[in-house]
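Numbering (this note's numbering), first residue to last: 6 to 279.
Quick notes on the structure that follows.
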Amino acid sequence: MNPQHTATIGSLTIGAGSLVLIAGPCVAENLQLCLDVASEMADVCGNLGIGYIFKASYDKANRSSIESYRGPGLQRGLDWLATVREKIGVPVTCDVHDPNQVAAAAGVLDCIQIPAFLCRQTDLLVEAGRTGKAVNVKKGQFMAPWDMAQAVRKVRDAGSDNVLLTERGSSFGYNRLVSDFCGIAIMQAFAPVVFDATHSVQEPAALGASSGGRREHAPLLAAAAMAAGADALFVETHPDPPTAKSDAASMIPLAEMEPLLSRCLAIFSAARKQ
């Protein structure tokens, strides 16, 4: 039986038996979008009794095309996230791609997120750990679940015991990901585990200049992850995904989040009954 690891983000504890959601648009397109999504999701999660953390990226440093929108940049993006935190009253998180950005990000973020492609980057993991903030390390598409123990150790040895791991699918040939639900239990031996439902249905670079995706499968994978015992759920959502500036094919419409979460919560609770 796995040890019961927990991680604290703001006033929320992941791994303690209550469902937590990390959700927001893939990229911070503008401040109003961030506020609108955060407000709607805070209300939905409040009604359902789910803990909520807002996520939007200030920079998408791994876009398929050089011409793709990357985001507002470090300072403006952090300003927007700070405004969401202040006005909506929820914890905030975001990708950090470079060790030199960690100190500035830690001044705003409640949780520092390490992108999947960078989960082995020692300098980035150590710098994030030194802040003492919660650190969410997304499992690389190229990593075995058991190998994520070393990423957790790097963060903990640097000074942060608040570590989470996120499952987001593994590479399966070209432009394809699959989710190994056994990996959730394997990684829970090291840290609480979040399941990323929308990146798991992504088809990386499948459209040539951008990634494709199958958003219609995300609710199925989210439900399966709840049954498999995941501690938290990660979903990217947007009021109108086809017009989104990043991950348009995989994000869930904001209007569909409440029924998705209601179902996931029921499965999450049932899976924990003795």
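Glycine included, each C-beta is placed from N, C-alpha and C at the ideal position.
These figures come from a predicted structure and were not determined experimentally.
Exposure label - residue i; buried when at least 16 CB within 10 Å
i, result
"residue 14", "buried"
"residue 181", "exposed"
"residue 147", "exposed"
"residue 193", "buried"
"residue 151", "exposed"
"residue 252", "buried"
"residue 278", "exposed"
"residue 91", "exposed"
"residue 145", "buried"
"residue 179", "exposed"
"residue 57", "buried"
"residue 249", "buried"
"residue 160", "buried"
"residue 133", "buried"
"residue 183", "exposed"
"residue 204", "buried"
Beta-carbon gap between residue i and residue j smaller than 7 Å
i, j, result
"residue 241", "residue 99", "no"
"residue 202", "residue 229", "no"
"residue 163", "residue 135", "yes"
"residue 301", "residue 93", "Coverage of the chain is limited to positions 6 through 279, which leaves residue 301 absent and any answer about it impossible."
"residue 142", "residue 117", "no"
"residue 165", "residue 140", "yes"
"residue 115", "residue 97", "yes"
"residue 186", "residue 157", "no"
"residue 247", "residue 258", "no"
"residue 65", "residue 75", "yes"
"residue 129", "residue 104", "yes"
"residue 12", "residue 264", "no"
"residue 266", "residue 53", "yes"
"residue 172", "residue 188", "yes"
"residue 101", "residue 47", "no"
Closest by C-alpha distance to residue i, when choosing among the options
i, options, result
"residue 169", "181, 243, 83 and 153", "153"
"residue 61", "116, 105 and 29", "29"
"residue 220", "38, 77, 206 and 233", "206"
"residue 174", "251, 269 and 122", "122"
"residue 255", "218, 263, 74 and 261", "218"
"residue 24", "227, 184 and 145", "227"
"residue 79", "58, 107 and 73", "107"
"residue 270", "47, 232 and 104", "232"
"residue 49", "26, 37 and 172", "26"
"residue 38", "67, 77 and 9", "77"
"residue 10", "177, 260 and 167", "167"
"residue 191", "149, 177, 204 and 160", "149"
"residue 113", "177, 276 and 83", "83"
"residue 262", "177, 184 and 55", "55"
For residue i, the residue or residues it bridges with in DSSP
i, result
"residue 17", "14"
"residue 243", "258"
"residue 282", "Absent from the model: residue 282. The displayed extent of the chain is 6 to 279, so no value can be given."
"residue 182", "176"
"residue 143", "171"
"residue 116", "98 and 139"
Any C-beta of chain C under 7 Å from that of residue i
i, result
"residue 31", "Here chain C cannot be found, since the structure has a single protein chain."
Per the contact definition of three or more C-beta pairs closer than 8 Å, is the segment 20-27 in contact with the segment 230-249? yes
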